[in-house]
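Novice: Mind having a look at this structure? Questions to follow.
Number of protein chains: 2
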Amino acid sequence: MSESNQAVSAFIERMGLAAQSDGMPRIAGRMLGYFIIHGGPASLAALADSLQVSRASVSTNARILRNLGVLEATAVPGDRQDYYQLAERHYLRLLEGYVERMGTMSTSLAQAERELPADWDDAQARLADMHHFIDNARDNIRELIERLAQRADEKPPQGRS
Amino acid sequence: MSESNQAVSAFIERMGLAAQSDGMPRIAGRMLGYFIIHGGPASLAALADSLQVSRASVSTNARILRNLGVLEATAVPGDRQDYYQLAERHYLRLLEGYVERMGTMSTSLAQAERELPADWDDAQARLADMHHFIDNARDNIRELIERLAQRADEKPPQGRS
DNA sequence: CGATTCGTTCAATCAATACTGAATGAACCG
DNA sequence: CGGTTCATTCAGTATTGATTGAACGAATCG
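Chains as they are written, first to last, in UniProt numbering: chain A, 1 to 161; chain B, 1 to 161.
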């Protein structure tokens, strides 16, 4: 029992670090870890209690995850607290985040190509090269997402607690 | 001329922001932007001067980019300064970074599966589900990288300044 | 209604980390 | 060899952004 609890918090903490290196607040990552382990709907109060952070933090980070589409709000009949649970195929959203960042990258490149003198031959070549690559990669990953989402549809995720 | 300079520094700054949202120091991003625009080998002194930052910053960020494989050291005959230039297909390295992070994610999940009680049915299911997805995505992106790297081999990038 | 229980927001605090200047050491030059 | 020019490292500063406690407003219940 103490064994498992140890493993659980280690995992949750690791998720926090991983989130951080992805440019996300650490608490958001830990919350995600919590849900992966404990599943099911959980109230903000329960999260704050379990992760030992303030309710304010839980509230703001819940919103972040909700906006990302990783968490979704749910309701428990007869209880007026807000409950959250993992969104179906929440991990797809992480990839979508990558795709989005590549999108802004792409538009930056396009803008540079437009605004720089056309006879900056070398610069234009490098911009176009990179731009082409990014768009290509983006399309591929997007396609990958759709393929994976579809495959998950065939064998939908199981089991609520 | 003032027009282009304006566009150049805007682009460089944008690259800085993009780098930051990827969890990288802003100056590293700006350096990358510099090289995309100006190409060719550049000395640390030139970078520091052009980007208006200290030599110390340029030095440490150059090492970061070098370790990432985005920049590579080069030499100019008759000049003993250190020169840097963009690595061939530097953008591939960015994707590789994603792949790597997915790798650590994957091992975290594996470890949790191992250390948690096997009869935590729901938790194990969620872990396995996510784990499976991540590995899948990782393989796909890795494959994508190879495909794109290969395609670039056929029509290798042109033009030095 | 009055009291209570929530969730959210906001100002303030705290922690992390990027950046800098000065010091150090290595490589070259006369 | 002294002198010079670099790059790097390190301790300190500054900035950014995450986290918190307190205040507020909305909803529920007796």
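Built from N, CA and C at the ideal position, the CB exists for glycine as well.
1) Thinking just about the alpha-carbon of each residue, which of 36/A, 60/A and 41/A is nearest to the one in residue 27/A?
2) Whose C-beta lies closer than 8 Å to the C-beta of residue 74/A among residues of the same chain, with five residues either side of it excluded?
3) Taking only the alpha-carbon atoms, compute the straight-line gap between residue 124/B and residue 62/B and give it to the nearest angstrom.
4) In terms of alpha-carbon separation, which member of 81/A, 9/A and 102/A lies closest to residue 52/A?
5) In this structure, does DSSP put residue 29/B in helix, strand or coil?
6) For residue 69/A, I'd like the list of residues in its chain whose CB is within less than 7 Å of its CB, leaving aside the five on either flank, ordered along the chain.
7) Does the CB of residue 25/B have a neighbour CB from chain A at under 8 Å?
8) Using the Cα positions of residue 101/A and residue 18/B, report the straight-line distance between them to the nearest angstrom.
9) Does residue 60/A come within less than 8 Å of chain B when only Cβ atoms are used?
10) Would you identify the three-state DSSP class for residue 129/A, choosing helix, strand or coil?
11) Mind listing which residues of the stretch 125–157 of chain B have their C-beta closer than 9 Å to chain A's C-betas, in chain order?
12) Report the three-state DSSP secondary structure of residue 43/A (helix, strand or coil).
13) Leaving out five residues before and five after residue 22/B in sequence, what residues of the same chain have Cβ atoms less than 6 Å from its Cβ?
14) Please confirm if the stretch 137–147 of chain B is in contact with the stretch 99–115 of chain B, defined as three or more CB-CB distances below 8 Å between the two stretches.
15) From which residue to which residue does the beta strand (DSSP E) around residue 88/A run?
16) Answer with buried or exposed for residue 80/B, where buried requires no fewer than 16 other C-beta atoms within 10 angstroms of its C-beta.
17) Measuring alpha carbon to alpha carbon, tell me which residue in 48/B, 106/B and 15/B is nearest residue 135/B.
18) Going straight from the alpha carbon of residue 65/A to that of residue 29/B, what length do you get?
19) Between residue 48/A and residue 39/A, what straight-line distance do the alpha-carbon atoms span, to the nearest angstrom?
20) Got a sec: is the Cβ-Cβ distance from residue 74/B to anything in chain A below 8 Å?
21) As a quick exercise: from 131/A, 151/A, 128/A and 127/A, pick the residue whose alpha carbon is nearest that of residue 137/B.
22) Of the residues that make up the stretch 101–120 of chain A, which ones have a beta carbon closer than 8 Å to any beta carbon in chain B?
23) Any C-beta of chain A within less than 7 Å: which residues of the stretch 87–100 of chain B qualify?
24) With a cut-off of 8 Å on the beta carbons, I'd call residue 131/B and residue 95/B a contact; round off their distance for me.
25) Tell me which residues share the same chain as residue 116/A and place their Cβ nearer than 8 Å to its Cβ, disregarding the 5 neighbours each side in the sequence.
26) What is the DSSP secondary structure of residue 161/B, reduced to helix, strand or coil?
27) For a contact meaning CB atoms closer than 9 Å, what does residue 30/A contact in chain B?
28) For residue 76/B, count the other beta carbons within 10 Å of its own beta carbon; 16 or more makes it buried, fewer makes it exposed. Which is it?
Specialist: So, from the data block:
1) Of 36/A, 60/A and 41/A, the residue nearest in Cα terms is 60/A.
2) Contacts found: 41, 83, 84 and 85.
3) Each residue's alpha carbon lies about 43 Å from the other.
4) Checked all of 81/A, 9/A and 102/A; the closest Cα to residue 52/A is 9/A.
5) Residue 29/B falls in the helix class under three-state DSSP.
6) If we look at residue 69/A and ignore the five residues flanking it on each side, its Cβ neighbours are 87 and 93.
7) Taking Cβ atoms only, chain A never reaches closer than 8 Å to residue 25/B, which makes this a no.
8) One alpha carbon belongs to residue 101/A, the other to residue 18/B, and they sit about 8 Å apart.
9) Any Cβ of chain B closer than 8 Å to the Cβ of residue 60/A would place that residue at the interface, and such an atom is absent.
10) Shown here, residue 129/A sits in a helix according to DSSP, grouped into three states.
11) Correct list: 125, 126, 127, 129, 130, 133, 134, 136, 137, 140, 141, 144, 145, 147, 148, 151, 152 and 157.
12) Correct three-state label for residue 43/A: strand.
13) Leaving aside the five residues that flank residue 22/B on each side, none in its chain has a CB nearer than 6 Å to its CB.
14) Touching, yes.
15) Note, residue 88/A: premise wrong, no beta strand (DSSP E); not H, not E.
16) The residue is exposed, with fewer than 16 neighbouring Cβ atoms inside 10 Å.
17) It is 106/B.
18) The straight-line gap from Cα to Cα measures roughly 27 Å.
19) In a straight line, the C-alpha of residue 48/A is about 16 Å away from that of residue 39/A.
20) Taking 8 Å as the CB threshold, residue 74/B stays off the interface with chain A.
21) Taking only the C-alpha atoms, the option nearest residue 137/B is 151/A.
22) Listed in sequence order: 101, 104, 105, 108, 111, 112, 115, 116, 117 and 120.
23) The residues in question are 91, 95 and 98.
24) Not quite, the Cβ-Cβ distance comes to about 21 Å (not below 8 Å), so this is no contact.
25) If we look at residue 116/A and ignore the five residues flanking it on each side, its Cβ neighbours are 123, 124 and 127.
26) For residue 161/B, the predicted structure reports a pLDDT of 42, less than 50, and the residue's modelled location is therefore unreliable. The matter cannot be settled from this model.
27) For residue 30/A, no chain B residue has a C-beta closer than 9 Å to its own C-beta; the minimum C-beta separation is roughly 13 Å.
28) Exposed: under 16 other Cβ atoms inside 10 Å.
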